[in-house]
Structures are given as structure tokens and as C-alpha cells.
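If you read the protein sequences in the order shown, they are chains A and B.
Just so you know, we're using the numbering used here here: the first sequence kicks off at 3 and counts up by one.
Just so you know, we're using the numbering used here here: the second sequence kicks off at 37 and counts up by one.
Cβ atoms here follow ideal geometry from the backbone N, Cα and C, with glycine treated the same way.
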Amino acid sequence: MTQRPEQEDVGSFEEVMLPHLDAAHNLARWLLRNEQDAQDVVQEAYLRAFKSFAGFHGGNGRAWLLTIVRNTSYTLLKKNRAVDLTTTFDEEIHVAGHESVSPATILEHSEDAELIKEAMDELPAEFREILALRHQEGLSYKEIAEIAQIPPGTVMSRLARARAKLKEYLAARMSK
Amino acid sequence: MTCDEAIKLMDGYLDGELDPIANQTIEQHLRECQKCDEAYKTHSALIRSIGKATPYYKAPSGLRERIQASLREEIAERSPRSVSRNIPSLFPSLFQSKPSERRAVPFGTQWSWLALAAAIVLAAIIAFNLAPRLQRPGADQFLATQLIASHVRSLMANHLTDVASSDQHTVKPWLDAKLDFAPVVVDLSSEGFPLVGGRLDYLDNRPVAALVYQRRKHFINLFVWPAESGSAGADKRITRQGYQLLHWVDSDFNYWAVSDVSDNDLQAFKQVFEKQLPRR
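As C-alpha cells, then:
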């Protein structure tokens, strides 16, 4: 009855999980903002995933793996005393107004990849994470809730706050 | 609906995650309120550009090998010691009670019999619920396994396409020449699903065409082969190992789309694909 990871398990583990390597790396890279850390975290996450693969009973392999990648990333962020884990003080976001910058200006700059990337990198980790999961992986709210370990009902409001914050940072950069 | 409520639901609306009733209410509000409609347009433009403008950090070459090496190292370390791991048990009382720990409760033995009975009932319920799902679409499940394997292989082995071209007039003749049927090939770039190329594959005991489309950074393999007459039926959706499979049949062909994009994206893909089909 005892189960140990063996040679044959590696094969099936790799077959199920390695296709999601790009997604794993992308998430870690956005969370850690550093290539070397991202690679270390992804490697560590795969190892952790392999050890608990017996607990994976089919279903959404990508979400399962990304949850582990996310948790591993946060462990490192906390160790490095990254202060941006959550949005504590800077919470008041005015969805309606960036008085100084018009919507037209934002639209004009919305193709500016460098600007958007910089603004996104400034966001707190939980915002970077949710934007990457939604816009780059195209995940559903349900999958995002599973990975970020928040109630499904929270996903929409967090996404809204993340986007509003991004818009605010973009506006700040444009008015410079 | 007030403006505040509309703003609150706007993100869910843009992401296509609201229920139909909320969708309708917000659409009606946007028709009536110019201010919210403008906010909606700016917001949707921003949302589109986040996906388009931000870099997707693909795994660098070498990371895969690094991971594979560390997994093998892990096994090598583990094997000789042969550590037995505890399996979390569904019924701890049943499996973990050691004789020495048996308490002097008069109902002690009855309890474990009860637990055993409960386990049997539970197992029966699970089996009863699972059995129809496992049995009926057995052929489909087997095919689904083949389809996913083929999709994964195509991405793993650098063998995504035999003919790499976004031009449907290059891909189609190439496939026609190799197969005993002529699949329809359409480019869906304008709909957000650019054609990447085509490939020959072997599924369900016959050569099939695999058309490769891209959705953002993800790939969709669309497997096509002739349908048997009268085999039309409802669409089938299967989710497995994080992959979405969507199956449909038209008057000529069987289609199986396989990808790691979301179910919504795959449905949208099917819709635009069918829309682009030449009318017969």
C-alpha cells in the first residue's frame, strides 16, 4: 500500500506537469521580478510538486502546479522581507478619477509595452499575480481563486482593484 | 442599476464572468448612461492592452533539464532508504488503531465495525456515482487520452508543425496531398486565433490532420478527420489534466480541439472557426 515516487512516477509526473513549465516560470518571474530567483523557485516548486504528486488526483494540473509555484514564491518573498505582499495602506483607489490624465491619454499610451510593464512591476505582489494569471494565462475566476487561495467572490474585486491601481500608476507616469 | 453598481460589476462583465441576468442589466445600463459607457470603453481598452503589451516570460532553455535532473536526484536519494510514507487515511480510526491502544470501551469493536460499514456504504456510493461516467464514454475517454498525448508531444518534441505557415493556401494543399481527405483550413488571425501551421497525426486508428492555432502565447491543436455519416451529435467538453478538449461534428468532419486555454476561449475558437467555414 505504501507509495513512493519511483522511476515510472517521474515519467508520468513530467508528462502531466512539464507542459506547464512556461506558465510556472512566467508566474514566478512576475512575482519575484528577478530571473535567477524565478528559476530557483520554479525548480523548487517542481520538486515539491513531485513529492506530493500522490495527492494530485487528476483535474486541473496547471492550477495545481501554479498554486505550488505561488506558495514557493511567497516563501521567498517573505524571506527577503519584501514589503509589498499586500496592499495595506495604499488601498483607497478611486476608480472614477485620475483627474489630471484623461482617458484619451491613457488609451493613447495603452500600446506602450515598456510603460505598462514598469507600472505592473510597481504593483504589490497579489496584484501582479492576479493580472498575470488573468491576462497572460487567460484563467477563469474559479481557477484564479484556487491558485491565489481566495474565495471566488473576491477575485472580481481584487482584479478591479489591481487594474485601477495599474491605471493610476500609468497615469502618474504619463503626467511626469 | 445605479452607476456605482455598474462600475462594481464592470470587471466581471468585461471578463465574461457574470451570470446572464447581471450581463443584461449592465448592458442596459451602458446603453442608457453615457458616462458609464465611456468608462467601460476606456477600461476595456486598458484590459486588452495589459494582455497584449506585457511580456510573457517563457522558461529559458536549460530550466527543463535542470528540473528533470533534480527530480532524478531526488529519486536516487530516496530509493535505497526506502522510506515508507504514511498515506493519509480516510478512516483514521480504522487504520491507525493499534491493538495496544484499544480502549476498554464496551462499544469499541462495534465502533470499528460501524466505521467499516460506513466505509463500504461510502465506497458503494462513490462507485455508483462514478461508474456511469467511467463506462459510458469509455471510447471518448480513451480518445481523449490519445488527443492530450498528441497535443503534449507536439509541444514537447519541437514537432508542432510539419508545414509552418500562417497562409491557409499553403497549409491546405500540403495536407490534401498527404491525406485521403481534404480538411477545411481557415486562418483566424483577425479573430485572435492566428494559424500557425499543419501537421499529420495518427489517431483513432487513422491518419488525421492537425491544424495548429495560437491564442496569445498558447497553442490549440485542432484534429480533423472525416465523420461517419449520421454521427452528428451534441458537442462534448472534457477537462483533463488542465487541458480542455472540445469535440464537435459537422456534416463532413469530426473536430477535436485540444489546448490549455480556458474553456471560454476554446468555445470562442469553435464559434469563429465555424463562422469562417465556407458555406456549402
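(message) Can you give me the C-alpha to C-alpha distance between Val188 of chain B and Leu107 of chain B, rounded to a whole angstrom?
(response) Looking at the two C-alpha atoms, the distance is approximately 20 Å.
(message) For the alpha helix (DSSP H) containing Pro262 of chain B, name the first residue and the last one.
(response) Boundaries around Pro262 of chain B are those of the beta strand (DSSP E), His254 to Pro262, since no alpha helix (DSSP H) includes it.
(message) Strictly below 9 Å CB to CB, what residues from chain A border Ala298 of chain B?
(response) The displayed chain sequence assigns Ser, not Ala, to residue 298 of chain B. For the C-beta of Ser298 of chain B, the chain A residues within less than 9 Å are, from N- to C-terminus, Glu139, Gly140, Leu141, Ser142 and Glu145.
(request) State the start and end residues of the unbroken beta strand (DSSP E) segment that holds Phe289 of chain B. (result) Per DSSP, Phe289 of chain B belongs to the beta strand (DSSP E) from Phe289 to Ser295.
(request) Pull up the CB-CB distance for Glu53 of chain B and Tyr143 of chain A, whole angstroms please, since I reckon it's below 8 Å. (result) 5 Å between Cβ atoms; contact.
(request) Please list the partners that Lys169 of chain A has in chain B, where partner means a Cβ-to-Cβ separation under 7 Å. (result) The contacting residues are Leu82.
(request) Consult DSSP for Ser94 of chain B and reduce its assignment to one of helix, strand or coil. (result) The amino acid occupying residue 94 of chain B in the given sequence is Lys; Ser does not appear at that position. Coil at Lys94 of chain B, not helix or strand.
(message) My assumption, with CB atoms under 8 Å, is that Arg235 of chain B sits in contact with Thr197 of chain B. Please give the rounded CB distance.
(response) About 5 Å; that satisfies the 8 Å criterion.
(request) Give the range of the alpha helix (DSSP H) segment to which Thr275 of chain B is assigned. (result) Thr275 of chain B: not part of any alpha helix (DSSP H); member of the beta strand (DSSP E) spanning Lys272 to Arg276, first to last residue.
(message) Under DSSP, the alpha helix (DSSP H) around Arg35 of chain A begins and ends at which residues?
(response) Annotation: Arg35 of chain A is outside any alpha helix (DSSP H) and is labelled neither H nor E by DSSP.
(request) Could you name the residues of chain A that Asn203 of chain B contacts, counting a contact when the two beta carbons are closer than 9 Å? (result) For clarity, residue 203 of chain B is Asp in the given sequence; the question names Asn instead. Residues of chain A with a Cβ closer than 9 Å to the Cβ of Asp203 of chain B do not exist; the shortest Cβ-Cβ separation is about 26 Å.
(message) When you compare the CB positions of Tyr171 of chain A and Ala121 of chain A, do they come within less than 8 Å of one another, or not?
(response) Taking a C-beta distance under 8 Å as the contact criterion, Tyr171 of chain A and Ala121 of chain A qualify as a contact pair.
(request) For my contact list, Leu281 of chain B and Pro21 of chain A are in at a C-beta cut-off of 8 Å; report their separation, rounded to the angstrom. (result) Rounded to the nearest angstrom, the Cβ distance from Leu281 of chain B to Pro21 of chain A is 14 Å, too far for a contact under 8 Å.
(request) For chain A, find out if any of its Cβ atoms is closer than 8 Å to the Cβ of Leu183 of chain B; answer yes or no. (result) Output row for Leu183 of chain B: interface = no.
(message) According to DSSP, is Pro126 of chain A part of a helix, a strand, or is it coil?
(response) Under the three-state reduction of DSSP, Pro126 of chain A is assigned to coil, being neither helix nor strand.
(message) If you reduce the DSSP assignment to three classes, tell me which class Ser133 of chain B lands in.
(response) Confidence in Ser133 of chain B is poor, its pLDDT being 38 and thus under 50, which makes the residue's placement unreliable; the coordinate value appears in the next sentence. Correct three-state label for Ser133 of chain B: coil.
(request) Give the secondary structure of Gln151 of chain A by DSSP, where H, G and I count as helix, E and B as strand, and everything else as coil. (result) Of the three classes helix, strand and coil, the one that applies to Gln151 of chain A here is coil, per DSSP.
(message) Helix, strand or coil, according to DSSP, for Ala179 of chain A in the structure here?
(response) One cannot answer for residue 179 of chain A here, as it falls past the ends of chain A, which runs 3 to 178.
(request) Could you work out which residue in B:Asn290, B:Lys311 and B:Phe255 is closest to Val232 of chain B when comparing CA atoms only? (result) Minimum Cα distance to Val232 of chain B is reached at B:Phe255.
(request) Give the interface partners of Leu23 of chain A over in chain B, defined as CB-CB distance under 8 Å, in chain order. (result) Residues of chain B with a Cβ closer than 8 Å to the Cβ of Leu23 of chain A are, in chain order, Ala95, Leu99, Arg100 and Ile103.
(request) In the DSSP assignment, find the unbroken alpha helix (DSSP H) run with Ala246 of chain B in it and report its ends. (result) Boundaries for Ala246 of chain B: no alpha helix (DSSP H) harbours it, while the beta strand (DSSP E) harbouring it runs Arg242 to Arg251, taken from the DSSP string.
(request) Check Val308 of chain B in the structure and name its three-state DSSP category. (result) Three-state DSSP puts Val308 of chain B in a helix.
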